[in-house]
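Down below is the structure, laid out as structure tokens.
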Amino acid sequence: MNVYIKTYGCQMNERDSESAAAMLVSAGHRIAGTEEEADIVILNTCSVREQAERKAIGKLGILKKLKRERPHMIFGIMGCMAQSRGEELLKSVEHLDFAVGTDNIHAIPEIVEEIVRKKRKIRCDDRRGADTPGIDAHRINAEQGQFSAFLSISRGCNRYCSYCIVPYVRGPERSRDMDGIVAEARSLADHGIREIMLLGQNVAAYGLDGVPPPIAEDNSPFSELLERISAIDGIRRIRFTSPHPAFFNRKLIETIARLPKVCKCIHLPLQSGSDRILQRMNRPYDAEHYMNIIRSLRELVEGINFSTDIIVGFPGETEEDFEATRRIMREAAYDNAFIFKYSPRRGTVAAKMPDDVPQEEKERRNALLLRDLAEINASRNRELVGKTFEVLAEGPSKRNAARWSGRTDTFKLAVFPPSPGLKPGDFVRVRIERATPMTLYGSIEG
Ligand code: SF4
């Protein structure tokens with residue numbers, strides 16, 4: 003049968019969709035490019051924001067029309083919403099056939115078979131360990147130039163940040179077996195993958211399952227994992243997302259600095275620069291600890307850069323709290339920041355706090371941070387003009403197909419005229435000739 007999977011939400015969901023697709027293909031199905039060409043449609047859902055849930059429910063409603071036209075079609079949901087609201091949705095959405103929770107992706111091919119045979123609705127949401135069957139299944143297309151892949155190293159989260167629904171839907175933190183992860187990375191390298199993005203809700207807590215911060219300065223199984231993946235021939239770049247600052251210790255900082263394959267662009271979610279707000283968010287670090295990580299890495303690694311997540315307008319955030327965030331924004335000099343205007347998420351601790359920052363004030367704070375970020379980016383990128391960087395070529399640029407684009411080790415987008423025979427996944431040295439706040443422009447050297 004032809005299967006179409008639509009993915010909402012984060013990179014973990016993208017990776018889970020890929021793994022579901024690979025298992026369905028192994029079971030004899032084909033992946034369709036659109037829902038109209040499909041016999042089976044699966045929505046991989048997200049619960050992080052209520053809006054994401056509403057979108058998926060709206061989509062399910064639209065799909066009803068396809069079921070009327072082609073009654074043999076099968077409709078399923080997977081991911082966070084399937085885990086937390088699967089039963090309710092199976093009851094209320096007549097044409098929904100299955101709901102598979104976050105730890106049961108491997109069960110999808112069997113579930114589809116059973117629905118075809120018995121025509122009954124199926125729900126599956128057991129909690130399992132992290133090494134579920136098929137977690138290492140990929141669909142790599144090296145012939146079409148795929149050179150980069152996601153690799154999930156853990157499931158769930160133990161942190162219970164007061165605004166976040168993830169621990170409730172994805173369950174407690176469970177780390178995968180290190181040998182299994184390394185074997186998966188090796189197999190990806192054998193299939194032409196040059197860059198791996200390690201994924202987890204809190205990657206820095208890998209292997210520490212359940213150990214609360216503060217973490218001893220030399221206790222970092224994640225560092226060991228980075229070492230082992232670095233040792234694989236063929237893998238040239240390792241990225242990871244997201245690490246929680248409370249799990250960043252001396253050993254991890256030194257490992258990142260020492261291993262050349264670990265990209266020198268670290269995503270370090272700040273959320274707020276105010277210690278008072280961090281406490282209300284149940285984020286067990288303060289601005290000083292956060293800035294010490296950034297300073298230590300800057301001391302050890304020339305040219306390293308940082309990106310972050312920030313929430314503005316969290317309950318109780320005063321102008322003074324917001325100014326503390328702005329100070330860190332300037333001091334950390336981020337190259338990128340994902341800024342969110344706080345909105346309560348039902349079922350979380352913060353949803354019980356008064357949402358007391360007016361919407362227009364949230365908009366103002368958001369706009370100010372975006373303006374600060376643009377200024378920082380413009381000046382940081384200007385400093386790169388005249389320098390040469392190793393760039394992983396991705397393919398023709400979206401805006402101008404006569405040029406190619408690629409990423410530096412620090413995840414800067416570089417645009418340059420291609421050399422003859424250049425392929426996606428090749429490494430080239432690009433000299434930067436001019437820069438905008440978002441993009442570097444240059445030429446391949448020699
Ligand atoms: S660390 Fe906090 S924000 Fe991240 S997934 Fe866990 S609870 Fe959510």
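Numbering-wise, the working numbering comes out as the position in the sequence shown, counting from 1, plus 2.
We put the CB at the ideal spot given by N, CA and C, even for glycine.
Given the structure is predicted, the values throughout are model-derived calculations rather than measurements.
Query, Result
"Cut-off 6 Å between Cβ atoms - residues of its own chain near S232, not counting five sequence neighbours on either side", "L261 and K263"
"beta-carbon P169 near ligand 1 non-hydrogen atom, thresh 6 Å", "yes"
"Contact test: Q281 Cβ vs ligand 1 heavy atom, cutoff 6 Å", "no"
"Near ligand 1: H291 beta-carbon under 6 Å from a heavy atom", "no"
"Enclosing beta strand (DSSP E) for H269 [first to last residue]", "C267 to H269"
"Among G63, A109 and L65, nearest to N80 - alpha-carbon criterion", "Rather than Asn, the amino acid found at residue 80 in this sequence is Met. It is A109."
"Check whether F250 and I295 have beta carbons under 7 Å apart", "yes"
"DSSP beta-bridge partners of L153", "L200"
"Counterpart residues of R239 in DSSP-defined beta bridges", "E197"
"Inter-residue Cα distance where the pair is R436 and N383", "9 Å"
"Beta-bridge partners of V430, as assigned by DSSP", "V393"
"Cβ pair E392, R433 closer than 7 Å", "no"
"C-beta atoms of G88 and R56 nearer than 7 Å", "no"
"C-alpha gap between P420 and I167, whole angstroms", "45 Å"
"Cβ-heavy atom distance, N204 to ligand 1, below 6 Å", "yes"
"Any non-hydrogen atom of ligand 1 within 6 Å of C159 CB", "yes"
"Any 3 or more C-beta pairs closer than 8 Å across the region 325-342 and the region 303-310", "yes"
"Spatial neighbours of G408 in its chain, beta-carbon cut-off 6 Å, leaving aside the 5 residues before and after", "V393, L394, A395, E396 and A416"
"Cβ contact check for the region 60-71 and the region 346-366: 3 or more pairs under 8 Å", "no"
"Three-state secondary structure (DSSP) of G408", "strand"
"Cβ pair count under 8 Å reaching 3, the region 18-26 against the region 91-101", "no"
"Per-residue burial, D411 [other beta carbons within 10 Å of its own, 16 or more giving buried]", "buried"
"At least 3 beta-carbon pairs within less than 8 Å: the region 342-350 vs the region 313-323", "yes"
"C163 CB to nearest heavy atom of ligand 1 below 6 Å", "yes"
"Under the three-state DSSP convention, the category A339 falls into", "strand"
"Residues near P174 in its chain [Cβ-Cβ closer than 7 Å; skip 5 each side]", "G158 and N160"
"Paired residues, beta bridge with F308 - DSSP", "I268"
"Residue range of the alpha helix (DSSP H) that includes I183", "M180 to D192"
"Beta-carbon contacts of E219 that lie in its chain and below 6 Å, excluding the five residues immediately before and after", "N251 and R252"
"Unbroken stretches of the beta strand (DSSP E), 3 residues or longer, contained in the region 32-106", "42-47, 76-81 and 100-102"
"Neighbourhood of K266 by C-beta distance below 6 Å, restricted to the same chain and skipping five residues each side", "V303, I306, D411 and T412"
"H193 CB to nearest heavy atom of ligand 1 below 6 Å", "no"
"Boundaries (first-last residue) of the beta strand (DSSP E) holding N4", "N4 to T9"
"Collapsed DSSP secondary structure at Q148 in the structure displayed", "coil"
"Pairwise C-alpha distance: Q361 and Y368", "Reading the sequence as shown, one finds Asn at residue 368 and not Tyr. Straight-line Cα distance between these residues: approximately 10 Å."
"Beta-carbon contacts of A54 that lie in its chain and below 7 Å, excluding the five residues immediately before and after", "Y10, G11 and C48"
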